[in-house]
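Number 106 in full-length UniProt numbering belongs to position 106 of the sequence shown; there are no gaps in the numbering.
Cβ atoms here follow ideal geometry from the backbone N, Cα and C, with glycine treated the same way.
Please read all numbers here as calculations on a predicted model, not as lab measurements.
Have a look at the structure below before the remarks.
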Amino acid sequence: MASLTPLSKSDEVVGKSMNEGYMNGFMVFVPSLGAMYMALKNPTFRKVTNVQSRTAMVIMPALFAFAFVSETKLIDGMEELAAETESNMKTVAWAEHVKNNYAKDAELHDLYRKSVMESGVRMVPELTPFHQAANYIQMNPFKCIAGFGVPAVSAIYFSESRKSHLPQQLKILHTRVFGQATVIATLLGIMALKEMMDRGGRYITDEQVEERVEEMRATRERMLFNIDEEAKRFAEQRQHNHDINKH
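Right, here's the structure in full:
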């Protein structure tokens with residue numbers, strides 16, 4: 001059986017996972033650095049901490065975010081790759097069945113293409129930034145919410161902190177109220193877009209459809225090759241056992 005995680009694809013998944021980890025680590029590092037800057041204005045905080053502890057407070061959240069996101073993305077990516085490859089193999093088996101039993105003259109290419117188009121996708125001439133963003137939001141809704149919500153709340157607090165006429169408690173209260181409203185609006189908007197994408201399917205170009213078809217064709221060739229190899233090994237083993245029994 002063909003591998004469920006082809007090497008060429010798994011390397012791509014690892015690279016994307018690392019990039020996601022770096023991005024999320026940086027997104028956590030910036031507010032951590034800002035929080036440390038604000039905390040250093042407190043004399044008590046400066047007395048009870050040293051350089052090492054302050055450095056750890058800034059770096060460790062970013063390292064945790066990097067490790068958590070990259071590992072989660074890697075696991076999800078490998079599972080998605082395995083599911084896609086398994087789907088390709090099932091489609092290949094279905095197409096072989098149709099070709100051999102019902103439509104002997106049908107082209108495998110057309111059968112594979114039909115299976116891709118019926119898998120919940122919408123074909124567009126090219127992937128514009130809107131299409132790419134919509135696909136990304138569908139696959140990563142909570143990351144998008146966090147990616148927009150955290151900087152937005154940080155920006156709100158930074159804006160409130162510059163109002164010297166307000167007490168600190170009121171600044172925090174304003175940040176909480178405005179931040180909650182921003183995050184809730186972001187949540188509703190992103191989840192509505194995800195629901196729309198789930199119903200209509202993700203955007204895909206004709207080139208990507210052909211890439212999927214080519215992957216199915218390659219999967220078919222690997223399956224047929226493995227079947228032939230297994231048949232040869234079985235025949236050799238059977239002949240070997242026959243020779244032993246004769247002697």
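CB of residue i within 8 Å of CB of residue j, strictly
i           : j           : result
residue 135 : residue 202 : yes
residue 154 : residue 31  : yes
residue 113 : residue 204 : no
residue 25  : residue 63  : yes
residue 182 : residue 152 : yes
residue 78  : residue 141 : no
residue 28  : residue 74  : no
residue 116 : residue 213 : yes
residue 186 : residue 225 : no
residue 58  : residue 36  : yes
residue 137 : residue 188 : no
Beta-bridge pairing of residue i - partner residues as DSSP gives them
i           : result
residue 203 : 122
Among the options, the one whose alpha carbon lies nearest that of residue i
i           : options            : result
residue 130 : 150, 229, 197, 148 : 197
residue 19  : 29, 70, 44, 159    : 70
residue 180 : 167, 156, 163      : 156
residue 72  : 226, 208, 17       : 17
residue 38  : 117, 158, 133      : 158
residue 55  : 33, 44, 43         : 33
residue 184 : 46, 146, 171, 53   : 146
residue 216 : 238, 110, 232      : 110
Where residue i sits in the DSSP three-state scheme
i           : result
residue 162 : coil
residue 151 : helix
residue 102 : Residue placement at residue 102 is flagged as unreliable, the pLDDT there being 45, under the threshold of 50; a coordinate-derived value is accordingly withheld.
residue 241 : helix
residue 44  : helix
residue 49  : coil
residue 167 : coil
Enclosing alpha helix (DSSP H) for residue i [first to last residue]
i           : result
residue 324 : Here the chain covers residues 1 to 247 and nothing more, so residue 324 does not appear.
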